[in-house]
């Protein structure tokens with residue numbers, strides 16, 4: 416690891432976006448419509464493409480530049496679901512409340528407990544409807560929540576973020592936390608790597624670290640083994656741990672995948688199935704893989720330097 420001042424600063428999901436730009440074909444591309452629904456670019460029934468390969472390349476280029484420039488983006492329900500689920504698991508592991516003011520999390524075994532923790536309301540019932548005498552109008556506001564919670568049928572953990580609300584099966588959250596018992600959560604790691612174009616700083620937050628194994632929690636609607644093979648966390652995080660001296664050895668990297676189910680109006684309780692996608696870690700091999708990708712990314716950055724407004728990627732304003 417070089418001790419020189421770095422010229423570039425990359426994090427794994429930025430390298431992921433670059434890989435996506437380089438490798439995504441028109442046939443594999445998915446696009447989002449104005450209503451936020453995702454569609455496959457290639458229609459198998461009609462044998463046609465919604466976007467041509469040139470159009471896909473242009474869209475992915477803009478997406479990558481927006482990520483480099485840290486352009487604000489509209490909140491995504493799917494992404495926020497994963498974010499709040501991770502936070503719930505970390506809170507259970509550490510036996511603490513959330514420390515993020517943008518999140519609200521409450522564990523409840525009943526509607527009464529949910530109303531008390533979420534709204535500070537003491538609920539009584541009049542003709543089967545929730546009623547709060549001391550708060551005018553709160554009973555009416557609580558009715559939709561009462562109807563929804565009545566469908567859950569079991570203890571749950573409520574999470575809200577960016578205006579989205581989620582109801583997770585409490586047992587699912589607890590079983591994930593038990594799996595990571597004793598883990599160091601959200602561990603910041605950083606190290607540098609020498610390239611032909613100068614020193615690159617690599618950095619990011621590890622979801623869970625247990626002894627000589629690194630874990631990244633992924634939530635998804637559908638899963639096939641190997642989905643995360645090209646993701647750069649599995650190379651960058653172990654590399655940083657070893658090069659920084661935080662660990663003397665890393666044996667493996669695991670994508671801990673939760674395929675989530677439910678969450679809709681008819682089945683609001685979010686449950687899930689757990690899968691493991693494990694990769695052995697070879698430090699010498701990953702070092703060379705990272706170096707090659709960084710050099711290729713640097714060439715892209717210099718080619719598009721005039722379009723880049725956020726200078727952190729060039730080692731400035733760190």
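In the numbering used here, the protein residues as written are 416 to 733.
We treat Cβ as the ideally placed atom computed from N, Cα and C, and that holds for glycine.
| Asked | Found |
| --- | --- |
| Three CB pairs or more closer than 8 Å across the segment 584-601 and the segment 491-510 | yes |
| N- and C-terminal bounds of the alpha helix (DSSP H) containing residue 703 | 698-718 |
| Distance, residue 431 Cα to residue 484 Cα | 15 Å |
| Residues sharing a beta bridge with residue 545, DSSP | 540 |
| Stretch-stretch touch, CB-based, cutoff 8 Å, three pairs: the segment 582-600 with the segment 561-573 | yes |
| Backbone secondary structure at residue 454 - three-state DSSP | strand |
| Residue ranges of each beta strand (DSSP E) within the segment 611-658, 3 or longer | 613-625, 628-635 |
| Contact set for residue 545: own chain, Cβ-Cβ below 6 Å, skip 5 residues either direction | 538, 554, 557, 561 |
| Nonlocal neighbours in the same chain, by C-beta distance under 8 Å from residue 641, ignoring five residues either side | 692 |
| Nearest-angstrom Cα separation, counted from residue 497 out to residue 535 | 27 Å |
| Boundaries of the alpha helix (DSSP H) in which residue 480 is found, first to last residue | 468-483 |
| 9 Å Cβ cutoff met for residue 437 and residue 482 | no |
| Where the alpha helix (DSSP H) containing residue 594 begins and where it ends | 585-594 |
| Burial state of residue 487 (16 or more Cβ within 10 Å) | exposed |
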